[in-house]
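I have placed the structure first, in the form of structure tokens, so that the comments after it can refer back to it.
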Amino acid sequence: MESFPIEAVPEAGLVHIACYTGVNNASALKERLQAQDKTLAIGLVESNLILDMFQLLVAATKAALDERAGKLRTNSVNAEIVYNLSPTNNIAESLRRFGISDSTTSLMAISIGGEAAAVLEEMNKTVDGTLTSFSDLEQGTDLATLRKYFKIDPKVTDKAQVLDWIIGAMAMKNVL
Amino acid sequence: MAVHQGTLIKQGAEARVYIAPFCGRKAIVKERFAKAYRHPALDKKLTSRRVTQEARCLNRCQKALIDTPTVYMVDVASSLIYMELIDGLSVREYMETDEGSTQAARTHIAEEIGRALGKMHNIDVVHGDLTTSNLLMRNNDSKSVVLIDFGLSYVSNLVEDKAVDLYVLERAFSSTHPNTEVMFEQILASYGTSCKASKQILKKLEEVRLRGRKRSMLG
Amino acid sequence: MIALGLEGSANKLGVGLIKHDMTTSPPTVTILANVRHTYHPPPGEGFLPKDTALHHRSHIVELIHQALADAHITHKDIDVICFTKGPGMGGPLTSVATVARTLALMWNKELVGVNHCVGHIEMGRQITGAENPVVLYVSGGNTQVIAYAEKRYRIFGEALDIAVGNCLDRFARVLNLPNDPAPGYNIEQLAKKGTKLLDLPYTVKGMDVSFSGILSYIESNAKRLLESGEYTEADLCFSLQETLFAMLVETTERAMAHIGSREVLIVGGVGCNMRLQEMMGQMAEQRGGKVFATDERFCIDNGIMIAQAGILAYQTGYTTPMEKTWCTQRFRTDEVFVAWRD
């Protein structure tokens, strides 16, 4: 697990991200995520849609910001992170697409605030899988799906530009 | 509200610009602040309108593959926009360097500016504040011109608005960089080849210029 | 060295006498006389060139006599006669220039044709001591944000359609406010009682502004807003001023930021407005800068400013030969070569 500062909302504490492979209880976790179960203390993300850690950190920062402003669209800050990863305002669709599915075996668990050790314990308790590192997951990015979800221009091929496009679309979602 | 861990790099007329850490990167944070001289209701309306307009126009440009900073996050409540930090000098600064004073460099800048503006007008984005301080030279091999500071930008398909956009730049050019008429002609030439409606817009520009002279009719 | 200044480009006729004592460095400047007579059309009407020219012709001789009397000098003491060459209304300009030419021939004096806008700027600098300010020039016919660079007063921003003073005047006509002492003055007084801000079009393009949207909005909605009791006349005046002046202050500030100046000088008839001066002051304070403004003696068109700009040019050896003393309605501020500044 890695922990990062949320520079734009420092009072929210750190954001903790852990990667798991060989996950066995995806189906049950998916149900809880999509129901925005408040007892689910972590966000769960389909790891093959994460091109770069930056994407996840931006989603977490936005969630922390909206929580502070009392403007969360979902029931919890952790579900909000998953929702923020998507370019659309449709909550159910966003959680379905960027959250995990029944067949998920690799996922990323994410949580804002709290002590790292306690958070990791909670994550390990929730996810039945093997803890791994982000670099081991990276190869599995599903670019075709990302391109479809974000309607990325075919002329944009460079990884950094693809990421810019995704971040730009995420940023615009709460701008009326 | 201060930007956390931010280093102030520019105190503009209505925004402070910081470099601040953001999600592990260095980002530009643009903070609009209240203007004491403005009626509070008017101030609030203008500020939030401009924050969203700016983000929206930047994103519209990005989607049209026009070189602009990527918007990372918009915090309307605090009037903040987090965006990509571009490495490079402003065209204004660059033109004052030895390299930027050469004929070849200026021709290149002019072509780049014309192309960028042409593409921007193709998607109906009107910048609203084109000056040589609001154009950056990306510090890489491409030396492409990056359009920044969309604080006064808006979406419009009117030929008039696009012509005025060019007129604003023309005057910024002549007042900031005397004796650059040739360069501005090169910008317009390049604009002419990249902007679809350039014929009408350039014709309108002539009209706007004349109006500018007529405007001082009365004492 | 003494200069006579004659101004009549719009509805004010002004005669001024200024003295530059050249034995000191810089010269010691004394205002010997500054007299004015204003043509007021009836309420609800603007001033027409023909009537204004007639007014000027009728009053100029008595004003010159009065100026000489105020200054306790005779025409023999005058070194140069300065007149407004433009910009302005053709008829009124010509009527005053004709008098300037006549006096020059009668008294055997040199002539200097002066740009009206430059007159405002030079008088403002002289009175306030502002060294190198961004100048906001706001009057019935002009709205310009100006800064000096390389021997020219360069126009950084301006109104893309109608001038701010014109917008105020025409708004005053909608409300049928009197033209005496000035429509803008009456709006200013009424605005002090206004409290409710009406959302008006706000159009700023870079350093340029546009007021026609506001005017047409007011022209087509004022009646309805007043009759429904939603807004009072005072509220409309208040809203108009708050919006117009916010646009002016915003573009002035942008010019200051662009060229890195901390000083701002307001000139022109609208520049007397205390609310505009107050807003400009708040802006300048927020930037750690300073605002300079003059009162109605110098802000409103006057003869002394023409004498001042003329005498500065005259000191550099500039004169206008008789065959070039024609007037021009169009005369850009940046056309003047400012030989007297570094």
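Chains A, B and C are the protein sequences, given in the same order. Under the working numbering, think of the first position of the first sequence as 438, with each following residue one higher. Under the working numbering, think of the first position of the second sequence as -8, with each following residue one higher. Under the working numbering, think of the first position of the third sequence as -1, with each following residue one higher. All residues carry an ideal CB built from backbone N, CA and C; glycine is no exception.
Rounded distance between the beta-carbons of residue j and residue i, thought under 8 Å
{"i": "F441 (chain A)", "j": "L494 (chain A)", "result": "6 Å"}
{"i": "K195 (chain B)", "j": "E151 (chain B)", "result": "6 Å"}
{"i": "F81 (chain C)", "j": "I298 (chain C)", "result": "Not really, about 18 Å apart at Cβ, beyond 8 Å."}
{"i": "I537 (chain A)", "j": "A463 (chain A)", "result": "5 Å"}
{"i": "S144 (chain B)", "j": "H118 (chain B)", "result": "5 Å"}
{"i": "I216 (chain C)", "j": "L242 (chain C)", "result": "In fact, because the Cβ distance is near 11 Å, the residues do not count as touching under 8 Å."}
{"i": "K467 (chain A)", "j": "D539 (chain A)", "result": "6 Å"}
{"i": "K26 (chain B)", "j": "M278 (chain C)", "result": "With a Cβ gap of about 12 Å, K26 (chain B) and M278 (chain C) do not count as contacting."}
{"i": "L179 (chain B)", "j": "G105 (chain B)", "result": "7 Å"}
{"i": "Q142 (chain C)", "j": "C165 (chain C)", "result": "About 15 Å separates the two Cβ atoms, so there is no contact after all."}
{"i": "E45 (chain B)", "j": "P60 (chain B)", "result": "Between P60 (chain B) and E45 (chain B) the Cβ distance is about 11 Å, and since that is not below 8 Å, they are no contact."}
Nonlocal neighbours in the same chain, by C-beta distance under 8 Å from residue i, ignoring five residues either side
{"i": "Q327 (chain C)", "result": "G84, P85, G86, M87, G88, L91"}
{"i": "T458 (chain A)", "result": "T542, S543, G566, T567, T569, D573, L574"}
{"i": "K134 (chain B)", "result": "H99, E103, M128"}
{"i": "Q(-4) (chain B)", "result": "A11, P12"}
{"i": "D66 (chain B)", "result": "I72, Y73"}
{"i": "W338 (chain C)", "result": "L310, A311, Q313, T314"}
{"i": "E198 (chain B)", "result": "A154"}
Own chain, CB closer than 6 Å to residue i, minus 5 neighbours either side, in chain order
{"i": "R97 (chain B)", "result": "M174"}
{"i": "Y73 (chain B)", "result": "F13, A18, V20, Y63, M64"}
{"i": "R41 (chain B)", "result": "G142"}
{"i": "T50 (chain C)", "result": "N9, Y37, P90"}
{"i": "G42 (chain C)", "result": "R171, N174"}
{"i": "K205 (chain B)", "result": "Residue placement at K205 (chain B) cannot be trusted, given a pLDDT of 39 that sits under 50; what the coordinates show is reported in the next sentence. For K205 (chain B), where only same-chain residues beyond five positions count, there are no Cβ hits under 6 Å."}
{"i": "I547 (chain A)", "result": "I454, G480, I518"}
{"i": "I443 (chain A)", "result": "A449, V452, T498, A501"}
{"i": "A65 (chain C)", "result": "V13, L15, A31, V33"}
{"i": "C325 (chain C)", "result": "K83, G84, L91, T92, A95"}
{"i": "V136 (chain C)", "result": "V162, G266, V268, G269"}
{"i": "H1 (chain C)", "result": "According to the sequence shown, residue 1 (chain C) is Ala rather than His. Hits under 6 Å: I16, V78, C80, A305, G308, I309."}
{"i": "F164 (chain B)", "result": "T171, F175"}
Residue i vs residue j beta-carbon contact at 9 Å
{"i": "V162 (chain C)", "j": "V268 (chain C)", "result": "yes"}
{"i": "Y28 (chain B)", "j": "Q239 (chain C)", "result": "no"}
{"i": "L509 (chain A)", "j": "M607 (chain A)", "result": "no"}
{"i": "V97 (chain C)", "j": "Q306 (chain C)", "result": "no"}
{"i": "L477 (chain A)", "j": "L470 (chain A)", "result": "yes"}
Counterpart residues of residue i in DSSP-defined beta bridges
{"i": "I0 (chain C)", "result": "C:K17"}
{"i": "I547 (chain A)", "result": "A:I454, A:G480"}
{"i": "H35 (chain C)", "result": "C:L11"}
{"i": "N113 (chain C)", "result": "C:G84"}
{"i": "L121 (chain B)", "result": "DSSP, once it has assigned bridges, lists no residue as partnering L121 (chain B)."}
{"i": "G155 (chain C)", "result": "C:V143"}
{"i": "L127 (chain B)", "result": "B:S81, B:V137"}
{"i": "S440 (chain A)", "result": "A:H453"}
{"i": "Y135 (chain C)", "result": "C:Q142, C:V265"}
{"i": "V202 (chain C)", "result": "C:V207"}
{"i": "M66 (chain B)", "result": "Residue 66 (chain B) is actually Asp in this sequence, not Met. Beta-bridge pairing links D66 (chain B) to B:L71."}
Close Cβ partners of residue i (< 7 Å) along its chain, the five nearest in sequence each way excluded
{"i": "R348 (chain C)", "result": "The structure shown does not extend to residue 348 (chain C), since chain C is modelled only from -1 to 340, so the question has no answer here."}
{"i": "G3 (chain B)", "result": "none"}
{"i": "H35 (chain C)", "result": "L11, H57, L61"}
{"i": "M208 (chain B)", "result": "Only weak support exists for where M208 (chain B) lies, its pLDDT of 38 falling under 50; the coordinates are left without a value."}
{"i": "G210 (chain B)", "result": "For G210 (chain B), the predicted model reports a pLDDT of 35, less than 50, meaning its position is unreliable and no value from the coordinates is stated."}
{"i": "L532 (chain A)", "result": "L470, Q471, A516, V519, Y520"}
{"i": "E225 (chain C)", "result": "none"}
{"i": "A597 (chain A)", "result": "none"}
{"i": "G138 (chain C)", "result": "A8, A161, G163, N164, D167, G267"}
Heavy atom of the ligand GDP within 8 Å of residue i beta-carbon
{"i": "N527 (chain A)", "result": "With respect to the ligand GDP, the structure offers nothing, as it holds no ligand at all."}
Inset, instruction - Count the CB pairs spanning the stretch 203 to 210 of chain C and the stretch 142 to 157 of chain C that are closer than 8 Å, and state whether there are at least three. - result: yes
query = Counting Cβ pairs, one atom from each stretch, are 3 or more of them under 8 Å apart for the stretch 61 to 69 of chain C and the stretch 103 to 113 of chain C?
reply = no
### Message
Closer than 8 Å is the cut-off here; do at least three beta carbon pairs connect the stretch 284 to 300 of chain C with the stretch 117 to 133 of chain C?
### Response
yes
Contact the stretch 318 to 334 of chain C vs the stretch 145 to 152 of chain C: 3+ CB pairs below 8 Å
yes
query: Does the stretch 228 to 238 of chain C come close enough to the stretch 181 to 191 of chain C to have 3 or more Cβ pairs within less than 8 Å?
result: yes
Quick test of the definition: if touching needs 3 or more C-beta pairs under 8 Å, does the stretch 94 to 105 of chain C touch the stretch 178 to 196 of chain B? no
Would you call the stretch 129 to 137 of chain C and the stretch 242 to 262 of chain C in contact, with 3 or more CB pairs under 8 Å?
yes
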